[in-house]
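Student: The following block contains the structure, expressed as structure tokens.
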Amino acid sequence: MSSHVGPSGEPVPTSSVLMASSKHIGSRCHSENVAFLKCKKKDPNPEKCLDNGREVTRCVLGLLKDIHQKCTKQMDDYVGCMYYYTNEFDMCRKEQEAFEKACPLE
Amino acid sequence: MTEAMIRKKPGMASVKDMPLLQDGPPPGGFAPVRYARRIPNTGPSAMAIFLAAFGAFSWGMYQVGQGNKVRRALKEEKYAARRAILPVLQAEEDERFVKEWKKYLEYEAEVMKDVPGWKVGENVYHSGRWVPPASGELRPEVW
Numbered sequence: 004m005s006s007h008v009g010p011s012g013e014p015v016p017t018s019s020v021l022m023a024s025s026k027h028i029g030s031r032c033h034s035e036n037v038a039f040l041k042c043k044k045k046d047p048n049p050e051k052c053l054d055n056g057r058e059v060t061r062c063v064l065g066l067l068k069d070i071h072q073k074c075t076k077q078m079d080d081y082v083g084c085m086y087y088y089t090n091e092f093d094m095c096r097k098e099q100e101a102f103e104k105a106c107p108l109e
Numbered sequence: 260m261t262e263a264m265i266r267k268k269p270g271m272a273s274v275k276d277m278p279l280l281q282d283g284p285p286p287g288g289f290a291p292v293r294y295a296r297r298i299p300n301t302g303p304s305a306m307a308i309f310l311a312a313f314g315a316f317s318w319g320m321y322q323v324g325q326g327n328k329v330r331r332a333l334k335e336e337k338y339a340a341r342r343a344i345l346p347v348l349q350a351e352e353d354e355r356f357v358k359e360w361k362k363y364l365e366y367e368a369e370v371m372k373d374v375p376g377w378k379v380g381e382n383v384y385h386s387g388r389w390v391p392p393a394s395g396e397l398r399p400e401v402w
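Here the protein sequences line up with chains A and B, keeping their order. Quick note on our numbering: the first sequence kicks off at 4 and runs consecutively. Quick note on our numbering: the second sequence kicks off at 260 and runs consecutively.
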């Protein structure tokens, strides 16, 4: 995939980028996600949960930028593979291993 | 020539006394031909066959179970990924929605500003819960 990186060098949160980094998002932005979901459960009105939403977006976009800077090539390969195979995890095991070795989950 | 002239026997009174010309068995007869059934009673017993079939079936079902475990793990991975990215997507959609909703409320206020009974910019159901707008007006390019 030619450009999942925007003009400023940050990764654009397309579906393949998000699915590729989903495990990292799940572990590192867990608290923000849970807070947002709790707010939504209490009141599904979008205007009431804008702050939580902004926290989530900030966390995820920052995380994407961070990972992209740390392991650029592995992330590019993995995102490219995900884009080619429409987010099928099973088809990209090799790239996934290389990506998780370079940028370990925590 | 007629048959009588070829197969003549001296002293023959009529054609009925001609020597026979038949196609018959060779001297001593033919060799004996076996036509009796000989189905042997050897091989696996009924219990052995049943156990083999039952064994094959159970091994197959076990493999099915293992395969299902693998497939469930793959599905779980996909669902976990979706659960992880759901809040980002919802947050972005919320931002977009709030912007569009504010524009829509302003439009509604401007359109209805001369109507006397039109109280607020927003009037929906009275249950107190948030109900997403159902008019389809906010995403005209989608609907």
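Note that beta-carbon positions come from the ideal geometry of N, C-alpha and C, so glycine has one too.
1. Can you round the beta-carbon distance between residue 350 (chain B) and residue 60 (chain A) to whole angstroms, since I take them to be within the 8 Å contact cut?
2. Examine the Cβ distances between the region 49-67 of chain A and the region 27-40 of chain A and report whether three or more of them are shorter than 8 Å.
3. Counting Cβ pairs closer than 8 Å, one from the region 71-79 of chain A and one from the region 41-52 of chain A, do we hit at least three?
4. Applying a beta-carbon distance threshold of less than 9 Å, which residues of chain A neighbour residue 377 (chain B)?
5. From the beta carbon of residue 22 (chain A), is the nearest beta carbon of chain B less than 8 Å away?
6. Which partner residues does residue 47 (chain A) have in the DSSP bridge list?
7. Starting from residue 60 (chain A), find everything on chain B with Cβ-Cβ shorter than 7 Å and list it in chain order.
8. Could you tell me the alpha carbon to alpha carbon distance between residue 324 (chain B) and residue 311 (chain B), rounded to whole angstroms?
9. Can you tell which of A:83, A:77, A:11 has its C-alpha closest to the C-alpha of residue 104 (chain A)?
10. Any heavy atom of the ligand NAD within a distance shorter than 7 Å of the CB on residue 16 (chain A)?
11. Does DSSP put residue 288 (chain B) in a helix, in a strand, or in coil?
12. Per DSSP, what are the beta-bridge partners of residue 14 (chain A) in this structure?
13. What does the Cβ neighbour count give for residue 322 (chain B), buried or exposed, with the cut at 16 atoms within 10 Å?
14. If you draw a straight line from the alpha carbon of residue 102 (chain A) to that of residue 81 (chain A), how long is it in whole angstroms?
15. Of the choices B:386, B:268, B:353, B:295, whose alpha-carbon is the least far from that of residue 43 (chain A)?
16. Taking only three categories from DSSP, how would you classify residue 346 (chain B)?
17. Am I right that residue 335 (chain B) and residue 92 (chain A) are in contact with their C-beta atoms under 8 Å? What's the rounded C-beta distance?
18. Which of helix, strand or coil does DSSP assign to residue 377 (chain B)?
19. Output yes or no for whether 8 Å exceeds the beta carbon distance between residue 84 (chain A) and residue 98 (chain A).
Tutor: Taking the coordinates as given:
1. Going by Cβ atoms, the distance from residue 350 (chain B) to residue 60 (chain A) rounds to 5 Å, so yes, they are a contact pair.
2. When Cβ pairs closer than 8 Å are counted between the two stretches, the region 49-67 of chain A is seen to touch the region 27-40 of chain A, the count reaching three or more.
3. Taking a cut-off of 8 Å for Cβ pairs, the region 71-79 of chain A and the region 41-52 of chain A do not touch, as fewer than three such pairs fall below it.
4. Within chain A, no residue comes near residue 377 (chain B); the closest Cβ sits about 21 Å away, beyond 9 Å.
5. Yes - at least one Cβ of chain B is within 8 Å of the one on residue 22 (chain A).
6. Beta-bridge pairing links residue 47 (chain A) to no other residue.
7. Within 7 Å Cβ-Cβ: 347, 350, 351.
8. Distance between residue 324 (chain B) and residue 311 (chain B), taken at the CA atoms: about 20 Å.
9. Checking every option, the nearest Cα to that of residue 104 (chain A) belongs to A:77.
10. In the structure shown, the ligand NAD is absent, as is every other ligand, since no ligand is present at all.
11. Under the three-state reduction of DSSP, residue 288 (chain B) is assigned to coil, being neither helix nor strand.
12. Answer is A:8.
13. That one is exposed.
14. When rounded, the distance between both Cα atoms is 7 Å.
15. When only C-alpha atoms are compared, the closest one is B:353.
16. The answer is helix: DSSP assigns residue 346 (chain B) an H, G or I state.
17. Under the criterion of beta carbons closer than 8 Å, residue 335 (chain B) and residue 92 (chain A) do not qualify as touching, at roughly 11 Å.
18. If DSSP states are grouped into helix, strand and coil, residue 377 (chain B) belongs with coil.
19. Yes.
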